[in-house]
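One structure below.
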Amino acid sequence: AGGESRRLGQPKPLIMLGGKLMLARVADSLKPVCRELILVVRQDQDDDTPDAGIALGMHVVTDTEPGRGPIAALHAGLAACLTPLAFVTGADHPFLSRRLVTAMADAAGAAGGRPLTAVVPRAGDGLHPLHAVYPVAEWLPLVARSLAEGAASPRRLVETAYESGYPPVDVMTEDEVEAHDPQQLSLLDIDTPEQLARARRIAANWGQVVRPEIRPGGL
């Protein structure tokens, strides 16, 4: 939640959407399926996001290094994590699907005692490394090394791991995503006024049945 939201002109986690703060929508979606919620903010963040996170029962930590963007946030979040697997997402994903997150955790090895693997969905514009499950023991040192080497892109980090085969990455296809989240709304993030307007239209119709066999947003 440490982005500066320049294109929207206001902190994204504090935007009201469907009668809730966007950060509250994220928290409400994840609390039933995650043991702990860790909120990563900028070291100099002076808006109300950290206080909102505390009010929502989140463990608030700061970026490992200032000005390094998502890669520093990913490192800080994994470093604070006490569980073998971490689901990582941006605070601007207002329609997270618990069904999809649970399916990703199961695919990562949370069920059945299989070796743990990262699970990253591929849809639309490519991989979504900020809507992904990571095994902490393997990915924390990898992210730390990438941060020390000046890397900036979580997507490139995941692509390199996928191409090399280590740490193992299971790429979830669009069909697999849609089996749990038919409209892929869990992957929707908010970066522009146009995306925010679309999200508000979705929120206004949230819970309405578009077709009898499809319900928006998973659970």
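FYI, the numbering for the sequence shown is 33 to 251, going by our numbering.
Where a beta carbon is used, it is the ideal one built from N, C-alpha and C, also for glycine.
Tell me the DSSP bridge mates of residue i?
i       : result
Arg-154 : Leu-159
Thr-121 : His-163
Leu-53  : Met-48
Buried or exposed: which applies to residue i, given that a residue is buried once 16 or more other Cβ atoms fall within 10 Å of its Cβ?
i       : result
Glu-181 : exposed
His-43  : The amino acid occupying residue 43 in the given sequence is Pro; His does not appear at that position. Answer is buried; the Cβ neighbour count reaches 16.
Asp-124 : buried
Gly-109 : buried
Thr-115 : exposed
Asp-76  : exposed
Arg-57  : buried
Asp-78  : exposed
Ala-135 : buried
Expressed to the nearest angstrom, what Euclidean distance is found between the alpha-carbon atoms of residue i and residue j?
i       : j       : result
Pro-255 : Gly-145 : Limits of the chain in this structure are 33 at one end and 251 at the other, which puts residue 255 out of reach.
Asp-60  : Met-54  : 10 Å
Pro-167 : Cys-113 : 10 Å
Leu-228 : Arg-177 : 35 Å
Thr-192 : Leu-148 : 18 Å
Tyr-194 : Gly-34  : 27 Å
Ala-139 : Phe-127 : 21 Å
Trp-238 : Ala-137 : 25 Å
Pro-173 : Gly-156 : 29 Å
Asp-80  : Ala-87  : 11 Å
Ala-184 : Val-175 : 10 Å
Arg-100 : Glu-170 : 21 Å
Gln-215 : Arg-230 : 13 Å
Pro-186 : Ala-111 : 16 Å
Ile-70  : Leu-117 : 13 Å
Cutting at 6 Å between CB atoms, please list the residues of its own chain near residue i, excluding the five before and the five after it.
i       : result
Glu-36  : none
Pro-200 : Thr-149
Val-133 : Val-65, Phe-119
Arg-38  : none
For residue i, I'd like the list of residues in its chain whose CB is within less than 7 Å of its CB, leaving aside the five on either flank, ordered along the chain.
i       : result
Pro-82  : Val-73, Val-92
Arg-232 : Leu-49
Thr-97  : Looking at the sequence provided, one finds Glu at residue 97 rather than Thr. Once the five neighbours on either side are set aside, the close Cβ partners of Glu-97 are Ala-104, Leu-179.
Asp-207 : none
Gly-122 : Leu-162, Asp-221
Val-151 : Met-136, Ala-139, Ala-140, Ala-164, Val-165, Asp-202, Met-204
His-107 : Thr-96, Val-175, Ala-176, Leu-179
To which residues of the same chain is residue i closer than 8 Å at the C-beta, ignoring the five residues directly before and after it?
i       : result
Ala-17  : Outside the shown range of the chain (33 to 251) lies residue 17, about which nothing can therefore be said.
Arg-154 : His-160, Val-203, Met-204, Thr-205, Glu-206
Leu-46  : Leu-53, Met-54, Leu-55, Asp-79, Asp-80, Thr-81, Ala-84
Gly-89  : Ala-59, Lys-63, Leu-69
Taking 7 Å as the cut-off, is the CB of residue i close to at least one heavy atom of the ligand MN?
i       : result
Leu-217 : The ligand MN is absent from the structure shown, which contains no ligands of any kind.
Length-filtered (4 minimum) alpha helix (DSSP H) runs lying within the region 181 to 247: 186 to 196, 206 to 212, 225 to 236
For the region 60 to 124, which segments carrying the beta strand (DSSP E) assignment without a break, of at least 3 residues, lie completely within its bounds, in sequence order? 70 to 73, 91 to 94, 117 to 121
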